[in-house]
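First residue of the sequence shown: 4, per this note's numbering; consecutive thereafter.
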Amino acid sequence: MLSVFLFGTVLLTAESSSISEINHLLMYVAKTQCRYERNGTLHTGAEAVEHIQKKYEYFSDDIGSAEEFIQYAATKSKLSGKHYQVHCDGQPPLTSKDWLLDELSTYRLSTNRSAQK
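Structural data, given as structure tokens:
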């Protein structure tokens, strides 16, 4: 297992490829212009990633892949059970899970293409 510090605060413990994928997803959330809805309140990407990092720390022993990261840290509120929503201009809201899984797929395709060159 490989461990890496992200943003100076989060300790990631997972396979090397999973660490890269999780780091990418965290940066994707942090840099988004979309609004992240949690329990009825809209947040910036920076605010959302702060919360997701806290959840990652809490569930880190259960997370070994990017999909598990999404499931445990970025899908829904543990307290209310409400799914997180992502609101992007000009588009209908998406669940955070679907939004992140789509980005994960895009990221994997781009890294596979780069590796094949």
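C-beta atoms are modelled at their ideal positions from N, C-alpha and C, and glycine is treated no differently.
Own chain, CB closer than 7 Å to residue i, minus 5 neighbours either side, in chain order
i, result
"residue 35", "48"
"residue 52", "29, 32, 33"
"residue 79", "85, 86, 87"
Cutoff 8 Å; reference residue i; Cβ partners in own chain excluding five residues on either side
i, result
"residue 114", "23"
"residue 116", "none"
"residue 81", "58"
"residue 40", "46, 87, 88, 89, 90, 96"
"residue 54", "41, 46"
Presumed contact (8 Å Cβ cut-off) between residue i and residue j, rounded CB distance
i, j, result
"residue 73", "residue 100", "6 Å"
"residue 77", "residue 87", "7 Å"
Which residues DSSP lists as bridging residue i, in chain order
i, result
"residue 112", "Answer is none; residue 112 lacks a bridge partner."
"residue 79", "86"
"residue 97", "89"
"residue 45", "40"
Which listed residue (the options) has its alpha carbon closest to that of residue i
i, options, result
"residue 37", "111, 92, 103", "92"
"residue 84", "42, 64, 50", "42"
Chain-order list of residues whose beta-carbon lies under 6 Å from that of residue i (same chain, five-residue window excluded)
i, result
"residue 27", "110"
"residue 75", "62, 65, 66"
Cβ-Cβ distance between residue i and residue j below 8 Å
i, j, result
"residue 68", "residue 21", "yes"
"residue 90", "residue 45", "yes"
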